[in-house]
């Protein structure tokens, strides 16, 4: 993902509170899905927010299309180790490996600028309509980042995907990523009334964690330089390691 506009020195809301929150909601039943499209702002968001859903869909022979909007070149501004071009190349390869782990085809890349998706939101909506109209119908699920996630790219991608789903008739599922860091389950901004929780078998959890491990550029510091500290430190990763994923439907 791009460098989040969030203080990662603050460990945020503990993972166990979100786990308890997720257990309060109605179950999301994958049997009603005949085809899945996952739209991620950056390489890794598709696995963090919906890696379990992807792996579970593939284990049920449900076709999956993964679309990644940017190449994630803006994750480490001021890095002593990565140029934007080198980082984009690395993250593209990480996304391919992660897709193989969860049983999906290599992602479709749209190549929008990392950190500036909102400036081309109409263009993105049009591109996503093209993807979804090939997969049209209410039995098509389209999962993407929540429109109020707290990161401008996540929110722009969420809005564009929602508009494309309205046009195509696909069922929209929104997954939070950075909400888990800055919000609390009791916050009024969290749309708990729309939350549905997908239970993940232990084998699927292991698969998701293996896919996250492919994103070492995001989880392991490239150097001791402050600009190279990982975007996904352990307290962030812990929130994506549980036995469920929660979506706003």
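In my numbering, the protein residues as written are 442 to 690. In this text, a Cβ means the ideal position worked out from N, Cα and C, and glycines have one as well. Every value quoted in this text rests on a predicted model; they were computed, and no experiment measured them.
Pull up the distance between the alpha-carbon of residue 528 and that of residue 563, whole angstroms please.
-> Their Cα atoms are separated by approximately 27 Å.
Run through DSSP, which three-state label would residue 547 get?
-> coil
Local conformation of residue 677 per DSSP, three classes | helix
For residue 444, collect the residues of the same chain with a Cβ closer than 8 Å to its Cβ; drop the 5 residues on either side in sequence, then sort them by chain order.
-> Low confidence applies here, because residue 444 scores a pLDDT of 49, under 50, leaving its location unreliable and the question unanswered by this model.
What are the partner residues of residue 687, as DSSP defines its beta bridges?
-> Bridge pairing for residue 687: 638 [DSSP].
Please go through the same chain and pick out, in chain order, the residues whose beta-carbon is closer than 8 Å to the beta-carbon of residue 685, but skip the five residues on each side of it.
-> 460, 463, 464, 493, 638, 639, 640, 641.
Find the nearest neighbour of residue 668 within the set 522, 510, 629, 580, judged by alpha-carbon distance.
-> 522
Have a look at residue 567 and residue 561 and give me their C-alpha separation to the nearest angstrom.
-> 10 Å
By Cβ distance below 7 Å, which residues in the same chain neighbour residue 655 in space, the five residues on each side in sequence not counted?
-> 535, 538, 539, 542
Between residue 635 and residue 677, is the Cβ-Cβ spacing less than 8 Å?
-> no
Can you give me the Cβ contacts of residue 452 inside the same chain, cut-off strictly under 8 Å, excluding the 5 residues immediately before and after it?
-> 676
Rounded separation between residue 628 and residue 688 - CA only = 16 Å
By a C-beta neighbour count over all protein chains shown, 10 Å radius and 16 as the cutoff for buried, is residue 664 buried or exposed?
-> When all chains shown are included, residue 664 counts as exposed.
State whether the region 495-508 contacts the region 616-624, with contact taken as three or more CB pairs (one from each stretch) at a distance under 8 Å.
-> no
Look at the alpha carbon of residue 554 and the alpha carbon of residue 454, and state the distance between them as a whole number of angstroms.
-> 30 Å
Name the residue from 644, 593, 573, 625 whose alpha carbon lies nearest to the alpha carbon of residue 609.
-> The option with the nearest alpha carbon to residue 609 is 573.
CB-CB under 7 Å to residue 525, same chain, minus the five flanking residues each way: which ones, in chain order?
-> Listed in chain order, the non-local C-beta contacts of residue 525 below 7 Å within the same chain comprise 514, 515, local neighbours out to five positions each way being set aside.
Just the Cα atoms here: how many angstroms apart are residue 565 and residue 604?
-> 10 Å
Considering only the beta carbon of each residue, do residue 510 and residue 581 sit closer than 8 Å?
-> no
May I have the straight-line CA-CA distance separating residue 487 from residue 585, to the nearest angstrom?
-> 8 Å
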